[in-house]
Amino acid sequence: MADTIFTKIINREIPADIVYEDDRCLAFRDINPQAPVHLLIIPLKPIATLNDMTEADRELVGHLHLVAAKLAQDMGFAEDGYRVVMNCNRDGGQTVFHIHLHLLAGRIMGWPPFTDHAKAPV
Ligand code: AMP
124 MADTIFTKII NREIPADIVY EDDRCLAFRD INPQAPVHLL IIPLKPIATL
174 NDMTEADREL VGHLHLVAAK LAQDMGFAED GYRVVMNCNR DGGQTVFHIH
224 LHLLAGRIMG WPPFTDHAKA PV
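Using the numbering used here, the letters of the sequence shown map in sequence onto residues 124 to 245.
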């Protein structure tokens with residue numbers, strides 16, 4: 124797959140406010156935060172979308188979620204709560220094609236998610 128801006132962050136070619144890293148993933152603050160805390164957790168392995176994951180990625184994707192929960196605990200918002208989201212393709216609102224978890228916290232999240240685009244049922 125083509126390199127994305129996240130590959131450049133992994134390779135330290137562009138700056139990011141990195142809050143966590145290990146041998147499989149990186150977490151940094153979203154440049155356009157949608158909540159008081161808005162982190163992105165990305166695998167070092169580039170996978171374009173949820174649709175591109177394979178059985179081989181099962182453990183990696185589980186790891187991303189464990190890191191989200193660890194960050195929530197370490198940063199002190201685990202008990203109050205938070206939201207973890209992965210967008211997929213156009214209708215999901217994905218804009219960077221290197222999978223990432225959004226970890227949002229510090230405000231009450233609405234449900235269902237805000238929508239302003241009608242679409243015929245699938
Ligand atoms: P998505 O729309 O789900 O693909 O999410 C992509 C996210 O990446 C958006 O929330 C952007 O604000 C964020 N983003 C894009 N470029 C950067 C960057 N250089 N550093 C941090 N976050 C970024």
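Yeah, the Cβ is synthetic: ideal placement off N, Cα and C, and Gly gets one too. Bear in mind the structure is a predicted one, so any value in this text is a computation, not a measurement.
{"query": "CB contact check: Phe220 to chain B, cutoff 8 Å", "result": "The chain labelled as chain B is not found in the depicted structure, where only one protein chain is given."}
{"query": "Enclosing beta strand (DSSP E) for Phe151 [first to last residue]", "result": "148 to 152"}
{"query": "Residue environment, Phe237, which counts as buried when at least 16 other CB atoms sit within 10 Å", "result": "exposed"}
{"query": "Beta-carbon separation (whole angstroms), His221 vs Pro169, contact threshold 8 Å", "result": "5 Å"}
{"query": "Touching by the beta-carbon criterion (3+ pairs, under 8 Å), the region 172 to 185 and the region 194 to 207", "result": "no"}
{"query": "Beta strand (DSSP E) runs contained entirely in the region 166 to 240, provided each spans 3 or more residues", "result": "206 to 208, 224 to 228"}
{"query": "Counted within 10 angstroms of its Cβ, other Cβ atoms place Val219 as buried (16 or more) or exposed", "result": "exposed"}
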